[in-house]
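Q: Following this message is one structure expressed as structure tokens.
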Amino acid sequence: MRGRSGAPLPQVSPPPGGATQVRLDHGMNPVQNPPPPPRPPFLSTATRKQREFARREDRFLDCAQALIQRDGLLNLQMSRIADECEYAIGTLYRHFASKEDLLVALAARNCLGRMELFERAARWQGPTRERMVALALADLVVLREQPEHFRLAQFVWSDVVWGAASAAIRQRALAAWEPLGRLVDDIAAQARRDGDLPGSFALPDAALTIGPWTLCLGMHTLAQQQGLLDPVLGDPYRLLFQHLHYLLNGYGWRPLLDPGDGAALDRLNERLCRDVFDVPCPYPVQPDR
Numbered sequence: 013m014r015g016r017s018g019a020p021l022p023q024v025s026p027p028p029g030g031a032t033q034v035r036l037d038h039g040m041n042p043v044q045n046p047p048p049p050p051r052p053p054f055l056s057t058a059t060r061k062q063r064e065f066a067r068r069e070d071r072f073l074d075c076a077q078a079l080i081q082r083d084g085l086l087n088l089q090m091s092r093i094a095d096e097c098e099y100a101i102g103t104l105y106r107h108f109a110s111k112e113d114l115l116v117a118l119a120a121r122n123c124l125g126r127m128e129l130f131e132r133a134a135r136w137q138g139p140t141r142e143r144m145v146a147l148a149l150a151d152l153v154v155l156r157e158q159p160e161h162f163r164l165a166q167f168v169w170s171d172v173v174w175g176a177a178s179a180a181i182r183q184r185a186l187a188a189w190e191p192l193g194r195l196v197d198d199i200a201a202q203a204r205r206d207g208d209l210p211g212s213f214a215l216p217d218a219a220l221t222i223g224p225w226t227l228c229l230g231m232h233t234l235a236q237q238q239g240l241l242d243p244v245l246g247d248p249y250r251l252l253f254q255h256l257h258y259l260l261n262g263y264g265w266r267p268l269l270d271p272g273d274g275a276a277l278d279r280l281n282e283r284l285c286r287d288v289f290d291v292p293c294p295y296p297v298q299p300d301r
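Just so we're on the same page, our numbering is the position in the sequence shown counted from 1, plus 12.
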């Protein structure tokens, strides 16, 4: 799973009659461009059918998401989705060849819905290291608000689902996740250009960012399984950010921070949540032990 987003053209207003007036450079006289020819009927029909297909697919995915939230992931049935949407089950299978295909498509759509938060973190005009931390916070904000999305993603990445899904739907999911990977890689590339990362750091950008991603994914997995983490460790996500800063320090990613100063890390996370996302810190701040 790997996880990028021209200046806008000036708008011109058509004068009466439908022709668009365009003024040429260097003081030349304006010319009248005729309106475009009408779209061939067969193209209009194809476009309408494509829109209808996309709307119907969204309806199926919306229904699947609602059923998962209500009845649980393992209880999802294709026949129930078709019944709830009032379509024949054959119509549903025209969109998704299997339940595994539907689950992968739903996970990919959920990822697209999260992109706005990640783009805010990546485009924020702050130090590159803080942007990496903000990406981890964005993931946690989504997890706290929509935990079922993460559970679905965990299930989809298992061989039971991913291995059974069609090649076409897997490629569609990878294409949906790719922009997120590019956002993270672009931060690493800028860190090299700005001197935040040492020039001697040998890993390429895509390999470098695997480290923070696997750290976050692993902690999410442990934290979501009741009883796997000893309560004496405190909030697992506070621990996650301590580990993240130890990792970034190991990279030599400046400015270096003391991961042992929990209060300072809490203040950093609270500031990033406020300045980047305008939300409260998604884990409870605790006093140092």
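Built from N, CA and C at the ideal position, the CB exists for glycine as well.
Would you say the region 240–253 touches the region 187–207, given that touching needs at least three Cβ pairs under 8 Å?
A: No, they do not touch.
Q: I'd like to check one pair, D151 with H255: are the Cβ atoms closer than 9 Å?
A: Here the question's residue 255 lines up with position 243 in the sequence shown. Here the question's residue 151 lines up with position 139 in the sequence shown. Contact: no.
Q: Could you spell out where the alpha helix (DSSP H) holding F213 opens and where it closes?
A: The residue given as residue 213 occupies position 201 in the sequence shown. Taken as a continuous stretch (DSSP letters only), F213 belongs to no alpha helix (DSSP H), as it is neither H nor E.
Q: Where does R135 land, buried or exposed, given buried means 16+ other C-beta within 10 angstroms?
A: If you number the sequence shown from 1, residue 135 lands on position 123. Answer is exposed; the Cβ neighbour count stays below 16.
Q: With DSSP run on the structure shown, which of helix, strand or coil describes W265?
A: Position 253 of the sequence shown, counting from 1, holds the residue named residue 265. Of the three classes helix, strand and coil, the one that applies to W265 here is coil, per DSSP.
Q: Relative to the C-alpha of G84, which residue among L284, E160 and G230 is closest?
A: Walking along the sequence shown from the start, residue 84 turns up at place 72. Per the Cα distances, E160.
Q: Helix, strand or coil, according to DSSP, for A97 in the structure here?
A: Position 85 of the sequence shown, counted from the first residue, corresponds to residue 97. Contrary to the premise, residue 97 reads as Cys rather than Ala in this sequence. Here C97 sits in helix by DSSP.
Q: With DSSP collapsed to three states, give me the class of P159.
A: The residue labelled residue 159 in the question sits at position 147 within the sequence shown. Of the three classes helix, strand and coil, the one that applies to P159 here is helix, per DSSP.
Q: Reducing DSSP to helix, strand and coil, say where C293 ends up.
A: Here residue 293 refers to the residue found at position 281 of the sequence shown. DSSP places C293 in coil when its eight states are reduced to three.
Q: Give me the Cα-Cα distance between A94 and L104, rounded to the nearest whole angstrom.
A: Start at 1 with the first residue of the sequence shown, and residue 94 comes out as number 82. Start at 1 with the first residue of the sequence shown, and residue 104 comes out as number 92. Cα-Cα distance, rounded: 6 Å.
Q: Please report how far the alpha carbon of D70 lies from the alpha carbon of P267, in whole angstroms.
A: In the sequence shown, residue 70 corresponds to position 58, counting from 1. In the sequence shown, residue 267 corresponds to position 255, counting from 1. The straight-line gap from Cα to Cα measures roughly 44 Å.
Q: In angstroms with no decimal places, state the Cα-to-Cα distance between R143 and R286.
A: Reading the sequence shown from its first residue, position 131 is the one you call residue 143. Reading the sequence shown from its first residue, position 274 is the one you call residue 286. Answer to the nearest angstrom: the Cα atoms are 13 Å apart.
Q: I'd like to know whether the C-beta atoms of R118 and M90 end up nearer to each other than 9 Å.
A: Residue mapping note: residue 118 aligns to position 106 of the sequence shown, counting from 1. Residue mapping note: residue 90 aligns to position 78 of the sequence shown, counting from 1. In the sequence as presented, Arg is not what sits at residue 118; that position holds Leu. No, Cβ-Cβ distance for L118 and M90 is not below 9 Å.
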